[in-house]
Structures are given as structure tokens and as C-alpha cells.
């Protein structure tokens, strides 16, 4: 069924950090929401570019040779093969856009790894 | 170069209605911004699903058999092959996510058709 999806309503359903939830799918890509805080694991995605759009708070995207601030209302595209690690001081809410095949920790297995993100 | 893209700053660069501008690209998909007002042309995309995310205002997505309100902060995915027409009363700002190959008027040629959207 075709319907409007309310981002704020969906965010209210998320109570775990670092656990992306799928809210929409199109053309083999997924739109996900996540709440994050602290330091994620270093990883890359060999075949997939990944988009982070900051809905609330401020994210620092760390690369091996530099850091990029991504403030509320900004987005960043991390190209495939580029090692990265999202870091935040406070809780940050993000929208992700990436292929359905993308694992959020790449090939790195961590306590944070979620193999198949839940749909909400 | 990897950098943060500020949505509000990009929106300020847009002064024409119904003229999507490309702000990012990944995995063969593009992120576009557009300002729209009034009634668009009826069209579909044979092979491409299309995502509309309303940043400001209220959009009504008309289908042949129903209408769906898409309010500020909401998104809708229009499946491929589904005839649709965005309609707004006032000026509405949207973010689009769709394959690079998607033409905003589908196969319909109209005065509004933009063959190759500009990057901003």
C-alpha cells in the first residue's frame, strides 16, 4: 500500500542505539533511521556508497586522514571502499540511504553488528 | 572530495519551480531538491521507484484512484509504473531520491520537462 511515512513517528519507535531500522525501500535501496551516540567501529563497504543525513544533533565522520563535521540538516556520502567511523558526543538521529545489501559495520563483525535490520 | 552538504544552503540556490537540482549521487541514484507549486503533469516511471520527502509545506500525491497527503517531515515512495501527479496549494520544498536515469515527467514531454537536471 502506498502511504506517507512520518519520520518523527518512526523515530519514536527506536529505543536502541546503533540499530538501524528500515522505513522504506526502493530500487534495491533502503531508507533507514538510527539513533547513535559515541564511537562506532572502523569499517568500509567494498561495493556500496552510503548516505548519512543528520536529522538531529551533530555527527563527526572520521576518515583515516581527516574528519568531517556533519551538522543537523546536512548530509554526507561516504564512497565505497572508504574506511570511516561515525562519532558523536551526544545522541544523534540519522537517516541512512544505501543499498539493501549494505551491512552497517561492513565486513567487520562487532557486538554492534545487526545482520538484518528490522522494518518499522 | 568528501564533504557535508547543507540542505538549507542548497535550497537557497533554487529559484525556479519544478526544476529539480542534483545535490548528491550514490550507487547510481541521485538526491535532488526541488521547489514546486500547483499541479504537475500526470506521468509514471516504467522502471524506477521514486521517493519524495517533504521538507517544507504539504504535498498531495494524486494517483488515478486516490490521493495521499504528504505533510512536512513525511516521505512517500511512488512505485514504478504507478501513474501519479504531485499537487500543492502553496510552495513546497522536496527532496527526491531516485535512479540517475529517472526523468521527472517520465516519458511525458511537457513544458516543465528538464532533460538533464543541473548539479548545485
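Protein chains in written order, with the working numbering: chain A, 143 to 262; chain B, 143 to 262. A virtual CB, placed ideally from N, CA and C, is assigned to each residue, including glycine.
Taking 8 Å as the CB threshold, residue 217 of chain A lines the interface with chain B. Rounded to whole angstroms, residue 169 of chain A and residue 218 of chain B show a C-alpha spacing of 14 Å. Interface annotation for the stretch 181-193 of chain B against chain A: 190, 191, 192, 193, criterion Cβ-Cβ distance under 8 Å.
Boundaries of the beta strand (DSSP E) around residue 211 of chain B: 209-212. Sixteen is the threshold: when 16 or more other Cβ atoms of the shown chains lie within 10 Å of the Cβ of residue 216 of chain B, as they do, the residue is buried.
Residue 212 of chain B reaches chain A at 146, counting residues in chain order whose Cβ is nearer than 7 Å.
Take the alpha-carbon of residue 176 of chain B and the one of residue 143 of chain B: they are about 24 Å apart. Between residue 186 of chain B and residue 226 of chain B, the C-beta gap is smaller than 8 Å, which places the two residues in contact.
Taken in chain order, the unbroken stretches of beta strand (DSSP E) that lie wholly in the stretch 156-192 of chain B and span 3 residues or more are 163-168, 171-181.
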